[in-house]
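Q: The structure under discussion is supplied below as structure tokens; questions concerning it will follow.
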Amino acid sequence: DRYTPAFALALGDDRTDEVTFRAMPPEAYTIRVGTGARSLARKVSSSVRSSPRARAKAGV
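Here the sequence shown stands for residues 801 to 860, where the numbers follow our numbering.
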């Protein structure tokens, strides 16, 4: 059997993280930190300081 995590989260701040966002399952929470670039992440957080808010919205 394949292990299925109860929760999956990926945070990234540059283009190399897009590979991770693409690989995550659809139910995962993906957050791009920083603005100005297109992203495969489901959410965008303007800065590291605001990511606790993004995590709270995600239910983490």
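Here a beta-carbon is modelled for each residue, glycine too, at the ideal position from N, C-alpha and C.
Going by beta carbon distance, what residues of the same chain come within less than 6 Å of R842, once the five residues before and after it are set aside?
A: For R842, where only same-chain residues beyond five positions count, the Cβ hits under 6 Å are T830.
Q: Tell me whether the beta-carbon of A810 lies closer than 8 Å to the beta-carbon of A837.
A: Against a cut-off of 8 Å, the Cβ pair of A837 and A810 comes out as no contact.
Q: Can you name, in chain order, every residue of its own chain whose Cβ lies under 7 Å from the Cβ of T820, other than the five neighbours on each side?
A: Answer for T820: A810, G812, listed in chain order.
Q: What's the gap between the Cα of T835 and the Cα of A808?
A: Each residue's alpha carbon lies about 22 Å from the other.
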